[in-house]
Structures are given as structure tokens and as C-alpha cells.
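Data block below; observations after.
2 protein chains.
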Amino acid sequence: MSRIYSRVALIGLGLIAGSMALAMRRGGLVGEIVGTAKSAETREAAAARGLCDRIVATPEEAVTGADLVVLAVPVGVMGEIAEAIGPYLAPGATLTDVGSVKRSVMEAVAPHVPDGVHFVPGHPLAGTERSGPDAGFAELFDNRYCLLIDDAAEAEPLARLTRLWEGMGARVEVMDADHHDRVLAVTSHTPHLIAYTMVGVADDLSRVTDSEVIRYSAAGFRDFTRIAASDPTMWRDVFLNNRDATLEILGRFTEELFALQRAIRKGDGDHLHDYFTRTRAIRRGIIEAGQDTNAADFGRGSGKA
Amino acid sequence: MSRIYSRVALIGLGLIAGSMALAMRRGGLVGEIVGTAKSAETREAAAARGLCDRIVATPEEAVTGADLVVLAVPVGVMGEIAEAIGPYLAPGATLTDVGSVKRSVMEAVAPHVPDGVHFVPGHPLAGTERSGPDAGFAELFDNRYCLLIDDAAEAEPLARLTRLWEGMGARVEVMDADHHDRVLAVTSHTPHLIAYTMVGVADDLSRVTDSEVIRYSAAGFRDFTRIAASDPTMWRDVFLNNRDATLEILGRFTEELFALQRAIRKGDGDHLHDYFTRTRAIRRGIIEAGQDTNAADFGRGSGKA
Ligand SMILES: NC(=O)c1ccc[n+]([C@@H]2O[C@H](COP(=O)([O-])OP(=O)(O)OC[C@H]3O[C@@H](n4cnc5c(N)ncnc54)[C@H](OP(=O)(O)O)[C@@H]3O)[C@@H](O)[C@H]2O)c1
Ligand SMILES: NC(=O)c1ccc[n+]([C@@H]2O[C@H](COP(=O)([O-])OP(=O)(O)OC[C@H]3O[C@@H](n4cnc5c(N)ncnc54)[C@H](OP(=O)(O)O)[C@@H]3O)[C@@H](O)[C@H]2O)c1
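Protein chains in written order, with the working numbering: chain A, 1 to 305; chain B, 1 to 305.
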């Protein structure tokens, strides 16, 4: 594949930026990759791993001369970084981000984007519970969706960024920011909040010890702890920035939970059985769509049919 | 290893019984294995797979002459099966079960256990979202815990059953029934109810379509669907039979969830960050205890470091 951008600046060198660097290299998609992160420690770890061609100390230096700039930092700091780099962005460059929330990031970033720079917000729906410069890997985006936001994007920069994501293995879909935030509140944000809550409750009981919770986790709880091991800063920012949609889905969730709770209290087995049957169809759809394997998971790192 | 029982009767031929048959064979732990299940279809599938030495049509036939009888059926039918087989149990035999709830199973089964038969309730904390005669595999219990209940059990039958479970790869712990039910409400029952609820909510939205939920599930939701794909009959019975402990933990859960919801509404980032940080220690404990791998899971059946 021919080069899609000649110089990419990665602001942030964590799981997502690191995976992008490795996936762009794998596909021979770009020329130079320049990276920066807040701490010297992260910059050194990224340099040691050879993630970028050049690592620099500040976002301003990183973006100078780049035709693609990627904001891969927690959602809550996107605005201040955009403000800092705005004056250094090259005319004709594309600015994108990978934040898990879109409306608030766009509101924070857009005012700092100079004329002649194309802002195309994005969000790859791929991740693990790991973070930092050592967490990334080239295959992260393979067969996963990447959502690009077209509220204000022009056609040519959007098409070019689409080609980059496809070159990194992703399937690209385009939607508007509000719809994105609603979809993610369901498929990601509320599930994460619930998992964090359940793990917190387990940690806080006096009659069941932590060591019991740990030993007997294979019975279902284990999957919650994986989700709840995700980065606290990233997730704090997600909830603060997708407040309305998350609270709306949480409202629906507690409503349904109360109905099931009432069924348990009353001994209404039919209600429970019907509910538990209905939810299986979604699982089949996910496997057919290639978004999970059908191998039964039992926590040993490889499935067993 | 020398034979621990000379004839084992498996009542039910699903995930757990099938895995026990394969694990007992692997270890050369028992003599003959006789099995039965409700439907001819399941009995035929189990026969085709060669799970048992003999498959018979009724529990009464299966238990005749057995020195170990295992009830591996949904929790809600254990009582009626115990009533049916009671008169056919051999003096000196051990009767056990693998039900996910213990207090109610013991109340349902114990009255039908004749004098001279030793009832030792049990629960292997191992499973997958699969069920039926084709779901079992010999490694299911390896390094997983199996809880045996000592409320009324005599020492010799308990020690013998312990050796059987250890021979199948499990680590055995002994506790009383009420404590078991409380621990499982935390590590298994409440997480399952929550996962079912979240998947049901996602299925029920008008503004986010099922096909969007399916496509974008990799962002966290996917793990919930795996849990919520578990057998509806088994789980209905679990909630109806571990009502009090489940409702107690659910109460704690909603309390915490409301506190986090309030923090989101008020924009209290510190509360969120503190909560999300605290939950990470439990994850580390689970990995150190060998109850999950540390490989990041991204739904492709094999982890990637
Ligand atoms: N993880 C996921 O599952 C996932 C999936 C899709 C999208 N996202 C989104 O992707 C973005 C990055 O997430 P990630 O998982 O890659 O996070 P991460 O591994 O924690 O990396 C974040 C990076 O941002 C840097 N950073 C933080 N504040 C900065 C600042 N003021 N100036 C410059 N660099 C700064 C950090 O540098 P230091 O290490 O020096 O602090 C670090 O390199 C977030 O917006 C997140 O919402 C995450
Ligand atoms: N799955 C787990 O994760 C897990 C883990 C630990 C413990 N457990 C417990 O283990 C037990 C069995 O679960 P499982 O996952 O093995 O279930 P499963 O795969 O659905 O198998 C249940 C078996 O019970 C049989 N059965 C049902 N009613 C019967 C009756 N009246 N008489 C004779 N056989 C009957 C079924 O026969 P048909 O197929 O003919 O209906 C089937 O063979 C349950 O008590 C469950 O709580 C499950």
C-alpha cells in the first residue's frame, strides 16, 4: 500500500497510540512517526520499544510539520492539548483523536483548530484492560470497528483517514457524535460502571473475605474484574464527559434490575426464565459478526470447545 | 491412582456430569460409570460421545448398586429426584450433588436420604456458558475450587469424596451451607443477574439497534453477553433457591451504584477515580491465585501480552 500520510504525530504513547504505531508500520501506511507523552518515563519506555521514529518532549514539537495529528490522551485533557498545539498545526493537516467520548471532545477541541486544518474525530472500538507504552500490539484493531464522526468533517480528509484505519485492520463506520455517545453508553460505558461497582461491592463485604472472592472468582465474577482493571483516569474522564447518555442507560438498567429483583422476591420463575432466554440471541449475533470467538472461556488464556 | 469408587451413577448428563465422567476416566479414579438424563436425545448424545460405560433410562436404575451417586441436574429438581431414588440407594453409598446453591438443595434432598447413606453436598466452581452432553471436557476442574459442605457430613465419606475431586484436578475447600450461599451470591449469582440485566437493556432500546450493539460489543459489553448466554433453567433455579443472599448483595450493589451515579451527575471526579483505583487490587489477587491468566483478553480466543 502506498503511504497515506507522510508524517504522523502521536500525542500520548499508551495502549491506543502504541498499537496505532505498530499497525501503521505493519501496513507500511505512513512515513515518519513522531510521538510524545506527558512523562519522561513513558517517552523513554516508548523509545526503548522503538514505537516511533522520533520521540520529542512536547506536543508542540511533535505536531510541527505533521500531516496527521492523533490525540491519544485521556478525554479530559484533549481540549488543553488542542489549545497548545493549535498554532503549530500545518495548513492542510488532519487532526483526529481516539477518545471514547465524542460530543464533549469535539466541543473542547474544535475552537482551537485553525482554518485550513481538518478535524475528523474518531474512536476505535478496540482495547484491553492494559494501558501504557508497553501495552500496545499491531493486531489490536484487526476486524474491530472504528467510528469516525462526520458532523463537520469534509469528504476528502474523512476518506483519507478511513483508508488509514482500514490499513490498520479496522472496519470504519461513520456516524454523528450524539449517536456515537448513545451507542457507547450501552456497549461500553454503562457495562464498565457496573463492573466497577460489582467489584467494589465484593471488596467491601465483611462476611465474605477478599481472599474468598479471589479464590472463587471463576464462577462468573472474574470477567467483571478484568473490565474493572481498566485505567481509572481514562474511565473517570469517560463518565464525566458522557454523563447524560450514561445516566440515561443507567436509569434503564436499574429499572430492569428492580423488575428482576421483584421476580426473585416473589418467586416468579417464568419472568426470570423468559428474560434469560431472550438475551441469548444477542450473543449469537456477536459471534456471527466475528466480534468474539465461540470458544467457551474458562480463564486459561485459550478456549476449549 | 487406585480406584476411589467402584460404580458411579451420574444423574444428569450435561456440562458438569460430562466433565466429571471425562475427568474420572482421565485419572482412572473409578470403576464403572453409569449415567442417565431426562430426555432420550441427551442420553443418545452422551452414548454417542462415549461419556459413560452404561446409559440407562431412569435415575432409579442408574443408582442401583452404585457406591457414589452424583446429582448433576438443575437445583430445582434435585428434591424430586432424591425422592425417586431414595429407596434404591445402596447402604454405605455416598450421595453428592453439584448444585450451585447449597442450603435449599440440602433441605430438599436430605429428607429422602435413607439411614446408612452418606449425603455430602458439593459444588465445583467451574463452568462455561455452554450446557448439554457435548459441552463437557476433562480439564474443566483443573486448578479450580470445589466446595464441599460439612454441615452434617461424616469424616470418612467426606475424605473419600475429597480424594475424588482432587483426582479430577480440583482444590477442595470445606465450609458450611449458609456461608457457601453468601460467597456464591457475591462471586457468581449477582454478577450473572447483572450481566443478564445489562444485555436485556441493550436488546430493548429503540434508539440503538441490536445490530449496532452486536457490531460494537468489543468495547466491554461482549463479556457480559458471554455470561448472559448461560442456561436459563439453571439460572432461574439458582435465583429462586438463593433468594435471600442474592437480594442482600443486590441491595449493596444498587447502593454503591447510586453513589457512583450521583458522583457522575455532580461531576465528582475524585470519587470516581478513587473507586476505580481500589478495584484493581482484586484483579491482581485473582491472577496471582491462578484463577485467570494475565494475558489481555480481546475476544480472539487467545491472549496477547
Ligand atoms: N483503552 C481502551 O480500551 C481505549 C479504547 C478506545 C479508545 N480509548 C481512548 O484512547 C485514549 C487513550 O487511551 P489509552 O488506553 O491509550 O491510554 P493510556 O495507555 O493510559 O495512555 C494515555 C497516554 O496519554 C498520555 N498523556 C496523558 N496526559 C497527557 C498530556 N497532558 N500531554 C501529553 N500526553 C499525555 C500519557 O502519558 P504518560 O504515560 O506520560 O502519563 C499516555 O502516554 C483515551 O481518550 C481513551 O478514552 C481507549
Ligand atoms: N454450568 C455451570 O457453570 C455450573 C457450574 C457449577 C455447578 N453447576 C450446577 O450443576 C448442575 C448441572 O448443571 P449443568 O451446567 O451440567 O447443566 P446442563 O448442562 O444443562 O445439564 C443438566 C442435565 O440435567 C438433566 N436433567 C434435568 N432434569 C432432569 C430430571 N428431572 N431427571 C433427570 N435428568 C434431568 C438434563 O437432561 P436433559 O438434557 O435430558 O434435559 C441434563 O442432562 C446444576 O445444578 C448447576 O447449578 C453448574
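Where a beta carbon is used, it is the ideal one built from N, C-alpha and C, also for glycine.
Find out if the Cβ-Cβ distance for the pair residue i, residue j is shorter than 9 Å.
i: Asn143/B; j: Arg163/B; result: no
i: Ser124/A; j: Val98/A; result: With the sequence shown as reference, residue 124/A is identified as Pro, and Ser is not the correct amino acid for it. Cβ atoms of Pro124/A and Val98/A: closer than 9 Å.
i: His271/B; j: Ala263/B; result: yes
i: Ile85/A; j: Ile33/A; result: no
i: Leu147/A; j: His192/A; result: no
i: Arg7/A; j: Gly35/A; result: no
i: Ala62/B; j: Ala108/B; result: no
i: Val73/B; j: Asn241/B; result: no
i: Arg160/B; j: Ile4/B; result: yes
i: Ala46/A; j: Leu89/A; result: no
i: Gly27/B; j: Ala135/B; result: no
i: Glu256/B; j: Thr197/A; result: yes
i: Asp68/B; j: Val105/B; result: Looking at the sequence itself, residue 68/B is Leu, so the reference to Asp does not match. Not a contact, by the Cβ cut-off of 9 Å.
Pick from the options: whose alpha carbon is nearest that of residue i?
i: Gly169/A; options: Ile4/A, Ala23/A and Lys102/A; result: Ala23/A
i: Arg243/A; options: Ser230/B, Ala245/B and Arg265/B; result: Arg265/B
i: Thr187/B; options: Ala155/A, Glu44/A, Arg215/A and Leu68/A; result: Arg215/A
i: Leu177/A; options: Pro191/A, Ala153/A and His192/A; result: As written in the sequence, residue 177/A is Ala, which differs from the Leu given in the question. Among Pro191/A, Ala153/A and His192/A, the Cα nearest to that of Ala177/A is on Ala153/A.
i: Arg130/A; options: Phe276/A, Gly251/A, Arg3/A and Leu15/A; result: Leu15/A
i: Arg283/B; options: Arg49/A, Ala138/A, Ile227/A and Thr254/A; result: Ile227/A
i: Ala245/B; options: Val30/B, Ser2/B, Arg103/B and Val70/B; result: Arg103/B
i: Tyr201/B; options: Ala17/A, Val105/A and Tyr275/A; result: Rather than Tyr, the amino acid found at residue 201/B in this sequence is Val. Ranking Ala17/A, Val105/A and Tyr275/A by Cα distance to Val201/B puts Tyr275/A first.
i: Gly79/A; options: Gln291/A, Ala259/A and Asp237/A; result: Asp237/A
i: Asp292/A; options: Ala219/A, Ala126/A and Leu247/A; result: Ala126/A
i: Pro157/A; options: Thr96/A, Gly31/A and Gly27/A; result: Thr96/A
i: Phe137/A; options: Thr94/A, Gly50/A and Ile194/A; result: Gly50/A
i: Pro87/B; options: Gln261/B, Leu68/B and His112/B; result: His112/B
i: Arg222/A; options: Thr128/B, Thr254/B and Ala48/B; result: Thr128/B
Can you give the Cα-Cα distance for residue i and residue j, rounded to whole angstroms?
i: His273/B; j: Met234/A; result: 9 Å
i: Arg278/A; j: Asp231/B; result: 11 Å
i: Ala41/A; j: Ala21/A; result: Note that residue 41/A corresponds to Glu in the displayed sequence, not to Ala. Whole-angstrom Cα-Cα distance: 18 Å.
i: Thr190/B; j: Asn294/A; result: 24 Å
i: Gly65/B; j: Pro91/B; result: 9 Å
i: Glu212/B; j: Pro114/A; result: 34 Å
i: Gly122/A; j: Leu140/A; result: 16 Å
i: Val117/B; j: Asp151/B; result: 15 Å
i: Phe349/A; j: Val75/A; result: The shown model of chain A, from 1 to 305, leaves out residue 349/A, and the question about it has no answer.
i: Gly220/A; j: Phe224/B; result: 10 Å
i: Arg25/A; j: Leu71/A; result: 18 Å
i: Ala229/A; j: Thr209/A; result: 19 Å
i: Gly251/B; j: Ala195/B; result: 16 Å
i: Val183/A; j: Leu247/A; result: 13 Å
i: Thr94/A; j: Glu83/A; result: 16 Å
i: Gly303/B; j: Ser2/B; result: Residue placement at Gly303/B is poorly supported in this model, since its pLDDT is 34, which falls under 50; the coordinates still yield a value, given next. The alpha-carbon atoms of Gly303/B and Ser2/B are separated by roughly 38 Å.
i: Cys52/B; j: Val199/B; result: 37 Å
i: Ala289/A; j: Glu166/B; result: 40 Å
i: Val77/B; j: Phe253/B; result: 30 Å
i: Gly269/B; j: Leu260/B; result: 10 Å
i: Met175/B; j: Tyr145/B; result: 12 Å
i: Ala110/B; j: Ile149/B; result: 13 Å
Given a threshold of 16 other Cβ atoms within 10 Å of its Cβ, counted over all protein chains shown, does residue i qualify as buried or as exposed?
i: Phe119/B; result: buried
i: Ala155/A; result: exposed
i: Ala185/B; result: buried
i: Asp204/B; result: exposed
i: Ser206/B; result: exposed
i: Ala57/B; result: exposed
i: Met133/B; result: Going by the sequence as given, residue 133/B is Pro instead of Met. So Pro133/B ends up on the buried side.
i: Phe258/B; result: exposed
i: Ala37/A; result: buried
i: Ser217/B; result: buried
For the segment 223-278 of chain A, list the alpha helix (DSSP H) runs that are entirely contained and at least 4 residues long, ordered along the chain.
As far as the segment 223-278 of chain A is concerned, its whole alpha helix (DSSP H) runs of at least 4 residues are 232-241, 243-266 and 269-278.
What runs of the beta strand (DSSP E), each 3 residues or longer, lie entirely inside the segment 57-111 of chain B?
Correct list: 68-71 and 94-97.
Pick out the complete alpha helix (DSSP H) segments inside the segment 113-179 of chain B, 4 residues or longer, and give them in chain order.
Taking only runs of at least 4 residues, the alpha helix (DSSP H) segments lying wholly in the segment 113-179 of chain B are 155-167.
Alpha helix (DSSP H) segments (min. 4 residues) lying fully within the segment 183-225 of chain A:
Correct list: 190-203 and 210-215.
Scan the segment 1-63 of chain A and note each continuous beta strand (DSSP E) run of 3 residues or more that stays entirely inside, going in chain order.
Segments of the beta strand (DSSP E) lying fully in the segment 1-63 of chain A: 5-11 and 30-36.
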